[in-house]
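*Asks:*
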Amino acid sequence: MAITVFENPLLFKLSTAHTHYSFRINQIGLAEHISYDVAVDDGSGLCQLAEAVNAHPFEPYWTDLTTFPQANCKDLLPQEFGGFNTGDYRIPALISKGEDGTPATDWRYVSYRVYSGVPILEELPCAYVGNDSDVQTLELKLVDSVTGLAVYLDYVVFPRCDVIVRGLRVVNEGRRAVTLERVMSLQLDLPAGDYDSLSLVGYYGQERLPERRALGRGVLQFSSVRGISSHGVNPAFAVMEQEATEDHGRVWGFMLAYSGNFLGEIEVPQMRSPRVLLGIHPELFSWRLRPGESFTAPQAFMTFTDEGVGGMSRHFHDFFRNHWLPSRWALCQRPILINNWEATYFDFSEERLLDIARTAAPLGVDMLVLDDGWFGRRRDDTSSLGDWFVNAGIIPDMAGMVRKINALGMKFGLWFEPEMVSENSEFFRAHPEWVIQISGRGRSIGRHQMMLDMGNPEVVEAIFRQMKKLLETVHVEYIKWDCNRTMTECGSSWLPADRQGEVAHRFVLGTYSLYRKLLEAFPYLLIEGCAGGGGRFDAGILRYSPQIWCSDVSDACERMRIQMGTSLFYPCSAMGAHVSACPNHQTGRVTPFATRGNVALSGAFGYELDLAKLSKEEQEMVREQTALYHQLNPLVASGDLFRLEAPGRLDKVVCWSFIAKDKTQGFVILCRLQMHPYAAPLRIRLKGLRPDAYYQIDGKRLTGKALMSVGICVALEERDAASRILIFAKEK
Ligand code: GLA
């Protein structure tokens, strides 16, 4: 059973294959966290593991129970959902303001229910059961008796992938309206100790690079207030023991399934027991709740492992692939695509596109994607977003062109930027009030465009109608959904003054609703997410888009770092990765064609160049790469990832491997970013093999144990960015 409930005292134990999460209801009805750690045998004995509270005489405590006041020092108790302004000084999970203006909450237990399966969220992405019938949910109800607010905390337990999904619904069961000013989806109080944090940070073109920091007392925040999850900080992070490594040690991983403003916090209070919080960013957020109304927070995922950062990654990867990515695409091979962006930018014609398709089809490419510039009157990035009809001046008959592409045996995909509008567009001229703006304040412009007020259902409907009309007449099987600016002057003319705090969250809900409408109308669509490269790479988008363009930087060396950082939390099959031209358009670097292919083969594979300009030899390599994709992709899609060498160590070598779950086959990708003359040979130690089995690798026959301990030396071409893929198989 995933969830066990013990009576007297009431104690909940959530079990996954390798972990236990437990909490109890204490004498005064507080939900007191016990532990989230490796699985232990004796469930009922867990109660004794509750933190021994050792309060000094000056700590405030709750006076209900005079016999045991120390246990009622709220500030010292690890809790599931901390109150505010009632004795717990740590950061609260929720802040609300009632009509009397006093913000205070004190959450006490009311009831629970356990059921099979998962909660269904209407407006937000939510996990599904998939093939695992053992998924169970615990719903815990706590109330604050003064405001009449109730919170329903969800714990959705996925035993096989060691992930627990947290969710939260706030219901106003009182008689007066309240305003929610902060609602965190997840709170976890960890035992006192010395920890590090691990997060993904960067900027445009350098997305999701790992950053590890020692945690001292105080508050560390990871956040975005840009309206999208952002290039700068990702809504995923970990807390780990200071001794933890890639392969060993305790790591707790957290991730928010949300694509807008978010806040992750790690507070190390005076007693050094960290409190982790994750949810919608309270800045630019408030939500009015009248009596009877409810607010649902986005889901957050958490996992625990004692197998280091690599163990955490594999838990999350399995979760994504079995319970989160659109099930139609989750575990299967995606089409190999060729995107015209870096081949032509805005300078394309029907003939040029057909030429690209004609060269690509016989080389094994499955789909042509027409990027930005096909709609309205757009010839550069200054106009026409919002006018989603074909620019007949460039492509006189789009449906006919697609038929020709289909006749070559290729599918067709199209670029959209649905949440945006150009000032110079018919759409904006007809509805200037439909953009995010604050009346009387002027507007910041990003890339000559504005964000639509997606919280307004009329706006969503108007964009949907245009897209639907086009998709009904042109055979489009893939959409690249872009989002090339961030939010400023967050305000809406559609919402009243007391609901302006809802604009940013409603924008996200509206975006998700457009995704759902499109997928309901055209269920076969493969939608790839994108946002100025990888500016919105998050679990929220991944519930609808099984793959996201990782970064606008397509240079193979940069991509090794970006894809490796991204893999800390997200599966490689979700990373759009293309082979592009050299010198690379963003870095000017020249890398071997083989390396560009090897790096992209670890992701959702494609090309982003004019294949007709390649030499015959390179075209032949394309044919080999597309064939190799079919051989290797099942391992990327459903195997286990092991990171073997991170950039920065061992002569700037990056190396990882994918291994089938049954450990019978796999491959290693190894790239030396920078060559040093007469450097020592590269020795790679594999991971995750069967120690006693024999494997064939690189013309050698070695046991798993030898490969994992002694390793193998790998010869590489003597130049920068030299790489190899080594395929291995277990002997029968
Ligand atoms: C963004 C995307 C690119 C491309 C351009 C088109 O920058 O990340 O891949 O689609 O927009 O304008």
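Take the sequence shown: its position 42, counting from 1, is numbered 44 in this note's numbering, and each next residue is one higher.
Ideal placement from N, C-alpha and C gives every residue a C-beta, glycine not left out.
Computed from a prediction, not measured in an experiment: that's the story for all the values here.
Going by other Cβ atoms of all chains shown within 10 Å of its Cβ, with 16 needed for buried, is residue 3 buried or exposed?
*Replies:* Along the sequence shown, one-based indexing puts residue 3 at 1. Under this definition residue 3 is an exposed residue.
*Asks:* When you compare each of 526, 258 and 138 to residue 115 by their alpha carbons, which one comes out closest?
*Replies:* Within the sequence shown, numbered from 1, the residue matching residue 115 stands at position 113. Ranking the options by Cα distance to residue 115, first place goes to 138.
*Asks:* Put residue 715 into one of helix, strand or coil per three-state DSSP.
*Replies:* If you number the sequence shown from 1, residue 715 lands on position 713. Three-state result, residue 715: strand.
*Asks:* Just to confirm before moving on: does the CB-CB distance between residue 189 and residue 265 stay below 7 Å?
*Replies:* The residue given as residue 189 occupies position 187 in the sequence shown. The residue given as residue 265 occupies position 263 in the sequence shown. Result no, Cβ atoms of residue 189 and residue 265 do not sit closer than 7 Å.
*Asks:* Between residue 624 and residue 728, what straight-line distance do the alpha-carbon atoms span, to the nearest angstrom?
*Replies:* Residue numbering aside, residue 624 sits at position 622 when the sequence shown is read from its first letter. Residue numbering aside, residue 728 sits at position 726 when the sequence shown is read from its first letter. Approximately 18 Å between the Cα atoms of the pair.
*Asks:* For the candidate residues 367, 94, 397 and 368, whose alpha-carbon lies nearest to that of residue 381?
*Replies:* Within the sequence shown, residue 381 is the residue found at index 379, counting from 1. The option with the nearest alpha carbon to residue 381 is 397.
*Asks:* Using C-beta distances below 7 Å, list every residue in its chain close to residue 359, excluding the 5 sequence neighbours before and after it, in chain order.
*Replies:* Taking the sequence shown and counting its residues from 1, one reaches residue 359 at position 357. Around residue 359: 370, 407, 410 and 412.
*Asks:* Apart from the five residues on each side of it in sequence, which residues of its chain come closer than 6 Å, Cβ to Cβ, to residue 591?
*Replies:* Position 589 of the sequence shown, counted from the start, is the residue given in the question as residue 591. So the list reads 557, once near-sequence residues are dropped.
*Asks:* Can the beta-carbon of residue 180 be found less than 7 Å from the beta-carbon of residue 291?
*Replies:* Counted from its first residue, the sequence shown places residue 180 at position 178. Counted from its first residue, the sequence shown places residue 291 at position 289. Contact check for residue 180 against residue 291 passes: the beta carbons are separated by less than 7 Å.
*Asks:* Is residue 370 helix, strand or coil by DSSP?
*Replies:* For the purposes of this step, residue 370 is identified with residue 368 of the sequence shown, where counting begins at 1. It is a strand residue.
*Asks:* Does the Cβ-Cβ distance between residue 715 and residue 693 come in under 7 Å?
*Replies:* Stepping through the sequence shown from its first residue, residue 715 is reached at position 713. Stepping through the sequence shown from its first residue, residue 693 is reached at position 691. No, these two residues do not count as a Cβ contact at 7 Å.
*Asks:* Does at least one heavy atom of the ligand GLA sit under 6 Å from the Cβ of residue 343?
*Replies:* On the sequence shown, residue 343 is found 341 positions in, with the first residue counted as 1. True, at least one ligand heavy atom lies under 6 Å from that Cβ.
*Asks:* From what residue to what residue does the beta strand (DSSP E) around residue 233 run?
*Replies:* Start at 1 with the first residue of the sequence shown, and residue 233 comes out as number 231. No beta strand (DSSP E) contains residue 233, which DSSP labels as neither H nor E.
*Asks:* How many whole angstroms separate the CB atoms of residue 299 and residue 169, which I take to be in contact at a CB cut-off of 8 Å?
*Replies:* Stepping through the sequence shown from its first residue, residue 299 is reached at position 297. Stepping through the sequence shown from its first residue, residue 169 is reached at position 167. Indeed, because the Cβ distance is near 7 Å, the residues count as touching under 8 Å.
*Asks:* Taking residue 523 as the reference, which of 508, 474 and 341 has the closest Cα?
*Replies:* Mapped onto the sequence shown, residue 523 falls at position 521. Cα-wise, what sits closest to residue 523 is 474.
*Asks:* Helix or strand or just coil, what does DSSP make of residue 543?
*Replies:* Position 541 of the sequence shown, counted from the start, is the residue given in the question as residue 543. Here residue 543 sits in helix by DSSP.
*Asks:* Less than 7 Å between the beta carbons of residue 660 and residue 643, yes or no?
*Replies:* Residue mapping note: residue 660 aligns to position 658 of the sequence shown, counting from 1. Residue mapping note: residue 643 aligns to position 641 of the sequence shown, counting from 1. Yes.
*Asks:* Can you find the residues in the same chain that come closer than 6 Å, C-beta to C-beta, to residue 142, ignoring five residues on each side of it along the sequence?
*Replies:* Within the sequence shown, residue 142 is the residue found at index 140, counting from 1. Once the five neighbours on either side are set aside, the close Cβ partners of residue 142 are 114 and 155.
*Asks:* Taking the alpha carbon of residue 316 as the point to measure from, which residue in 612, 589, 147 and 640 has its own alpha carbon closest?
*Replies:* For this step, residue 316 is matched to residue 314 along the sequence shown. The option with the nearest alpha carbon to residue 316 is 640.
*Asks:* Within the same chain, show all residues whose beta-carbon is closer than 7 Å to that of residue 69, passing over the 5 residues directly before and after it, in chain order.
*Replies:* If you number the sequence shown from 1, residue 69 lands on position 67. Because the pLDDT at residue 69 is just 49, under 50, the model does not fix this residue reliably, and the point stays unresolved.
*Asks:* Put residue 212 into one of helix, strand or coil per three-state DSSP.
*Replies:* On the sequence shown, position 210 is the one that residue 212 refers to. Reduced to three states, the DSSP call for residue 212 is strand.
*Asks:* Residue 667 lies in the alpha helix (DSSP H); which residues open and close that run?
*Replies:* Here the question's residue 667 lines up with position 665 in the sequence shown. Segment 667-674 is the beta strand (DSSP E) holding residue 667; no alpha helix (DSSP H) there.
*Asks:* Does the distance from the CB of residue 209 to the CB of residue 686 come in under 7 Å?
*Replies:* Against the sequence shown, residue 209 aligns to sequence position 207. Against the sequence shown, residue 686 aligns to sequence position 684. No, the pair does not count as a contact, with Cβ atoms beyond the cut-off.
*Asks:* Can you tell me the Cβ-Cβ gap for residue 488 and residue 229, rounded? I've got them flagged as a contact below 8 Å.
*Replies:* Start at 1 with the first residue of the sequence shown, and residue 488 comes out as number 486. Start at 1 with the first residue of the sequence shown, and residue 229 comes out as number 227. At roughly 5 Å, the Cβ-Cβ gap stays under 8 Å, so residue 488 and residue 229 are in contact.
*Asks:* Residue 80: buried (16+ other C-beta within 10 angstroms of its C-beta) or exposed?
*Replies:* Here residue 80 is taken as the residue at index 78 of the sequence shown, counted from 1. Buried is the call here.
*Asks:* Got a sec? Which residues, its chain only, sit under 7 Å from residue 247 by beta carbon, not counting five neighbours each side?
*Replies:* As a first step, residue 247 is located in the sequence shown; it is residue number 245 there, counting from the start. The residues are 310.
*Asks:* By how many angstroms is the C-alpha of residue 461 removed from the C-alpha of residue 442?
*Replies:* Within the sequence shown, residue 442 is the residue found at index 440, counting from 1. Within the sequence shown, residue 461 is the residue found at index 459, counting from 1. Looking at the two C-alpha atoms, the distance is approximately 22 Å.
*Asks:* Spatial neighbours of residue 532 within its chain, please: C-beta separation below 6 Å, excluding the five flanking residues on both sides.
*Replies:* The residue you call residue 532 lines up with position 530 of the sequence shown. Excluding sequence neighbours, residue 532 sits near 482, 484 and 551.
*Asks:* Taking residue 438 as the reference, which of 480, 486, 491 and 425 has the closest Cα?
*Replies:* Here the question's residue 438 lines up with position 436 in the sequence shown. Nearest of 480, 486, 491 and 425 to residue 438, Cα basis: 491.
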